[in-house]
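Respectively, the protein sequence lines represent chains A and B. Mapped onto the UniProt record's numbering, the consecutive letters of the first sequence carry residue numbers 1 to 251. Mapped onto the UniProt record's numbering, the consecutive letters of the second sequence carry residue numbers 1 to 251. Don't be surprised by glycine CBs; every beta carbon is placed ideally from N, CA and C.
Protein chains: 2
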Amino acid sequence: MHKMDFQTFTKRYDISLERICRDIFRSRDKTIRIKKEETAVKNLTLILDAALNLSVEKGFDAMTLRDLQSRSGLSMGCLYSYFSGKEALLHLMQYQGRNLVRDVLHEVLKDEAIPQNKLEIAIRAHLYLSERMHKWFYFSYMETKNLGREEARKAIESELLTEAIFVDILDEGKQKGVFFFTDARLVAAIIKAMLQDWYLKRWKYKKRQIGVEEYAAFLITFTGKALGHFPSDLMSGTASPNHSSAGGEQI
Amino acid sequence: MHKMDFQTFTKRYDISLERICRDIFRSRDKTIRIKKEETAVKNLTLILDAALNLSVEKGFDAMTLRDLQSRSGLSMGCLYSYFSGKEALLHLMQYQGRNLVRDVLHEVLKDEAIPQNKLEIAIRAHLYLSERMHKWFYFSYMETKNLGREEARKAIESELLTEAIFVDILDEGKQKGVFFFTDARLVAAIIKAMLQDWYLKRWKYKKRQIGVEEYAAFLITFTGKALGHFPSDLMSGTASPNHSSAGGEQI
DNA sequence: GTCTATATACCGATAGAC
DNA sequence: GTCTATCGGTATATAGAC
């Protein structure tokens, strides 16, 4: 998928809360007591939407099930038909978010061979994903520390997997003589840090009216220069205007 | 302060928990009911040490005052002689950490004139500070969202102040023709993101045996290349060995 | 499937003995 | 200055009516 921008990205991949909830229902029929798919998906959407918003506002820990009750419009008893407890809800959301990110990242890269293009695509896909699923990314990052032993291990594994994608691209580019650096893992680590800043410091970029396309172009130029590779059409530093909300409502 | 490394940094600046607690006692004699300085500083040190460790382990919200009681060795009633409530403790710690960082950053930069050196010093000082006060930095970052309206405003102000230091250095370098970029605030923002990665993803760098000197050298080289400025003695990419623990126990 | 009502436990905070 | 004992409030979770 070349010459990708935010709009074509959101059109190509169905990243909606409803779709995620349907995936959850189909893969977790044991822990969810409700039988009818339509009812289950509708209520799951209400629950996850409320839980995401409350978690971003005040933190998952500070969110009480009474908050979740009133925000979702469902009752206490009804909530417990969809998950076995507050902790199970946390794990459910973390798990589903991780898998979606992993799948999309592999999907966008699968038909590309040129390292410079791969790097640009991986950066853009990660930024676009976190733009589309901003609350989800913010939530996943902030609540990692509250996970239990086994779940924390999976979160770390996921972090390293994303990084490994960048390490592979960098090493390939180094071998082909288009990237210049000494330690691929260090470069991948700070690329990841810069990607994460986009959703962790969203308030800052929003206040400065910097959109996702502009940030993407800047990041690609900056890393390109640092790696000794200069993307031809981006060196001017001019970026597209802000249309960060072109892809519909954020989830 | 030129040719700064971690060891000389920690020797030059007294960044100990005891010193911070003494500052707190002297500046807050109204909210602390204890009169004798020796007693007060001793117990404050116990309290803050326990609070920092518990917050990093499970989060400030999840930490109960009973946890704090057993970890510090003091009783419930005694704790309340040192702060008026859990929220006041949070604000106290945030406030004191912010001020120390602000003061040290201004101190290290005050006698330097060359932009390239300024950039290197600012990067090193921030990394060394966060290395020395790792728990403090991690705590400050993670608990920002739990602050009240007014305190959150101060935290944001502090974030932007640190960034402004980098913006000034970058603009000066651009004017003098040694740095090349289009938007100083974007560059400063991602430099900050890379600095923060050092204390937010500490587990990763520790596992890979990357010390603070090595990370500092890498960051300076990477940003130097991206800005079109090549530090002469760092281009080889070779870095000092890991002596991240040379400066005593972390706080 | 969804609701209300309630059980049980633990939180932050304080009063008052020592 | 420091302790123990306890209050009032609220959390998660469940039982059983509809």
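Residues of the stretch 47 to 69 of chain A whose Cβ lies closer than 7 angstroms to any Cβ of chain B, in chain order
Along the stretch 47 to 69 of chain A, going in chain order, the ones with a CB nearer than 7 angstroms to a CB of chain B are G59, D61 and A62.
Is the distance from the Cβ of A193/B to the Cβ of M194/A below 8 angstroms?
Less than 8 angstroms divides the Cβ of A193/B from the Cβ of M194/A.
Name the chain A residues whose beta carbon is nearer than 8 angstroms to that of M194/B?
The contacting residues are I190, A193 and M194.
For I20/A, tell me which candidate among M93/A, E107/A, R149/A and N117/A has the shortest Cα-Cα distance.
The shortest CA-to-CA distance from I20/A to any of M93/A, E107/A, R149/A and N117/A is the one to M93/A.
Just curious, the alpha helix (DSSP H) that H91/B is in, first and last residue?
According to the DSSP assignment, H91/B belongs to the alpha helix (DSSP H) that extends over K86 to L109.
Contained alpha helix (DSSP H) runs [length at least 4] in the stretch 131 to 197 of chain A, N- to C-terminal order
You should have 134 to 143 and 149 to 175.
Using a Cβ-Cβ cut-off of less than 9 angstroms, give me the residues of the stretch 147 to 174 of chain B that come near chain A, in sequence order.
Considering only beta carbons, the part of the stretch 147 to 174 of chain B lying closer than 9 angstroms to chain A consists of I156, E159, L160 and E163, in chain order.
Rounded separation between S158/B and A164/A - CA only
Using only the alpha carbons, I get a separation of about 34 angstroms.
Simplified DSSP state of E249/B, which is helix, strand or coil:
Here E249/B sits in coil by DSSP.
If you measure between the beta carbons of Q96/A and I24/A, is that distance less than 8 angstroms?
Yes.
Looking at C-alpha atoms only, which residue of K42/B, L74/B, F218/B and F179/B is the closest neighbour of W198/B?
Closest option to W198/B, judged by alpha-carbon separation, among K42/B, L74/B, F218/B and F179/B: F218/B.
Give, in chain order, every residue of the stretch 203 to 219 of chain A whose Cβ lies closer than 9 angstroms to some Cβ of chain B.
Contact annotation: in the stretch 203 to 219 of chain A, residues whose CB is within less than 9 angstroms of a CB in chain B are W203, K204, Y205, R208, I210, E214, Y215, F218 and L219.
Need the endpoints of the alpha helix (DSSP H) that M63/B sits in, please.
Premise fails: M63/B is in no alpha helix (DSSP H) and is neither H nor E.
Alpha-carbon to alpha-carbon, K176/A and D103/A:
One alpha carbon belongs to D103/A, the other to K176/A, and they sit about 27 angstroms apart.
Between the C-alpha atoms of D49/A and I251/A, what's the straight-line distance to the nearest angstrom?
C-alpha separation (whole angstroms): 8 angstroms.
Whole-angstrom distance between L90/B and N53/B, CA atom to CA atom:
Cα atoms of N53/B and L90/B: separation of roughly 13 angstroms, rounded to the nearest angstrom.
Inspect the beta-carbon positions of Y138/B and L200/B and report whether they are closer than 8 angstroms.
Contact annotation: Y138/B and L200/B have beta-carbon atoms nearer than 8 angstroms.
Neighbouring residues, chain A, relative to K225/B (Cβ below 7 angstroms)
Chain order gives the chain A residues near K225/B as K225 and A226, where near means a beta carbon separation below 7 angstroms.
From this set, I34/B, L119/B, I114/B and K110/B, which residue's C-alpha is nearest residue 252/B's C-alpha?
The shown model of chain B, from 1 to 251, leaves out residue 252/B, and the question about it has no answer.
Between the CA atoms of V167/B and R185/B - distance to the nearest angstrom
Each residue's alpha carbon lies about 6 angstroms from the other.
Could you give the DSSP three-state label for residue 252/A: helix, strand or coil?
Residue 252/A cannot be examined here, being either before or after the span of chain A that is shown, 1 to 251.
Based on Cα-Cα distance, which residue from S55/A, T45/A, E112/A and L109/A lies nearest to L79/A?
Nearest of S55/A, T45/A, E112/A and L109/A to L79/A, Cα basis: T45/A.
Taking only three categories from DSSP, how would you classify R208/A?
Here DSSP, grouped into helix, strand and coil, assigns R208/A to coil.
Can you look up S55/A in the DSSP assignment and give me helix, strand or coil?
Reduced to three states, the DSSP call for S55/A is helix.
Nearest to G148/A by CA position, among S140/B, L74/B, K58/B and E214/B, is which residue?
When only C-alpha atoms are compared, the closest one is K58/B.
Contacts around A188/B, its chain only, beta-carbon distance under 7 angstroms, and the 5 residues preceding and following it disregarded
Excluding residues within five positions, the ones whose Cβ falls inside 7 angstroms are E163, F166, V167 and L170.
Rank S75/A, G224/A and F60/A by C-alpha distance to the C-alpha of S140/A and give the top, closest one.
S140/A has its Cα closest to that of F60/A, out of S75/A, G224/A and F60/A.
Can you confirm whether L186/B, when its beta carbon is compared against all beta carbons of chain A, has any partner nearer than 8 angstroms?
Answer yes: the Cβ-Cβ gap between L186/B and chain A drops below 8 angstroms somewhere.
With a threshold of 8 angstroms, are at least 3 pairs of Cβ atoms found where one atom belongs to the stretch 107 to 124 of chain A and the other to the stretch 206 to 226 of chain A?
Taking 8 angstroms as the limit for Cβ pairs, the verdict is that the stretch 206 to 226 of chain A does touch the stretch 107 to 124 of chain A.
H126/B (DSSP reduced to helix, strand or coil):
The three-state reading of DSSP puts H126/B in helix, counting H, G and I together.
In this structure, how does DSSP classify L227/A when only helix, strand and coil are distinguished?
DSSP places L227/A in coil when its eight states are reduced to three.
On the three-state DSSP scale, how would you describe F6/B?
Residue state, collapsed to three classes: helix.
Determine the chain B residues that contact K145/A at a beta-carbon separation under 9 angstroms, and present them in chain order.
Within 9 angstroms Cβ-Cβ: V56, E57, K58, G59 and M142.
I need the DSSP call for A217/B, collapsed to helix, strand or coil.
Correct three-state label for A217/B: helix.
Please look up how many angstroms separate the CB atoms of S55/B and M63/B, rounded, as I've assumed it's under 8 angstroms.
Your pair S55/B and M63/B checks out as a contact, with CB atoms roughly 6 angstroms apart and the cut at 8 angstroms.
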